[in-house]
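K.L.:
Before we start, here is the structure in question, set down as structure tokens.
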Amino acid sequence: MVMNPDRLVSMELGTRLAQAAAAAPREPRLRDVSIPGDHEVILRAASCIIIIIVVVVVVVVLLLLLVVICLQVNSLSWQLLVDYGLGVGLGHH
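This is how it looks when you write it as structure tokens:
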């Protein structure tokens with residue numbers, strides 16, 4: 008029984024490829040690596056929302072403190088703030 012040499016080479020090559028594939032460690036699929044679990048997405052979104060809320064609250068508190076301090080100080084400094092800050096946009100200069 009004589010086999011075609013090309014077919015024999017392809018069979019040998021196929022056997023070697025199959026052995027190499029069986030011996031190689033399985034790489035994690037791209038889907039497993041790139042897509043996080045649902046709890047990770049929820050935690051990431053919640054942390055972003057919390058950071059945004061904290062920043063907004065801090066900015067509002069600082070603005071309120073600025074207004075209260077300006078109201079406490081005499082009317083000259085309040086007038087200066089209105090003239091050079093808020094009043095420029097309103098046309099009260």
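Take this note's numbering: the last position of the sequence shown gets the number 100, and nothing is skipped along the way. Note that CB positions come from ideal geometry on N, CA and C, so glycine has one too. These numbers were taken from a predicted model, which means no experiment stands behind them.
Here's the rule I'm using: 16 or more other beta-carbon atoms within 10 Å means buried, otherwise exposed. How should H100 be labelled?
P.N.:
Here H100 scores only 46 on pLDDT, less than 50, and its place in the model is too uncertain to base an answer on.
K.L.:
Should G21 be counted as a contact of the ligand ZN given a C-beta to heavy atom distance under 6 Å?
P.N.:
Of the ligands one can find in the structure shown there are none, so the ligand ZN has no counterpart to examine.
K.L.:
With a CB to CB cut of under 7 Å and the five nearest residues on each side skipped, what residues in its chain are close to I49?
P.N.:
none
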